Amino acid sequence: MFARKHHFRVFAFIMSAILAFLMTGVITFINTGFDAGFLLRWGRAFVIAWPIALVIVLLLGPHVRTTADRLCTRDS
């Protein structure tokens with residue numbers, strides 16, 4: 079579907095969406111509880127959080143991968 083060269087961008091898009099979706103859901107529930115307006119509040123939080131998460135993953139992802147590679151041995 080996508081060329082291999084776009085792997086990291088596709089990964090960042092999907093991972094940031096999953097993380098933002100789950101984290102905003104949990105935090106919205108903890109802060110406000112589950113009532114009639116929960117889904118609207120969650121949706122608003124997600125729309126704000128997802129682009130921020132995507133930019134963070136795109137900018138910091140390569141550095142995190144390098145750090146993880148340095149911390150993990152290749153022979154274990």
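Going by this note's numbering, the sequence shown opens with residue 79, and the numbers climb by one from there. Here a beta-carbon is modelled for each residue, glycine too, at the ideal position from N, C-alpha and C. These figures come from a predicted structure and were not determined experimentally.
Alpha carbon to alpha carbon, how far is residue 152 from residue 145?
-> Each residue's CA atom was taken as its position, placing residue 152 and residue 145 some 13 Å apart.
Among residues of its own chain, excluding the 5 on either side of residue 110, which ones have a beta-carbon nearer than 8 Å to its beta-carbon?
-> Only 116 and 119 meet the Cβ criterion.
For residue 147, which three-state DSSP category applies?
-> The DSSP-derived three-state label of residue 147 is helix.
Since residue 132 contacts residue 91 with CB under 8 Å, what's their CB separation in whole angstroms?
-> Right, their Cβ atoms sit about 7 Å apart.
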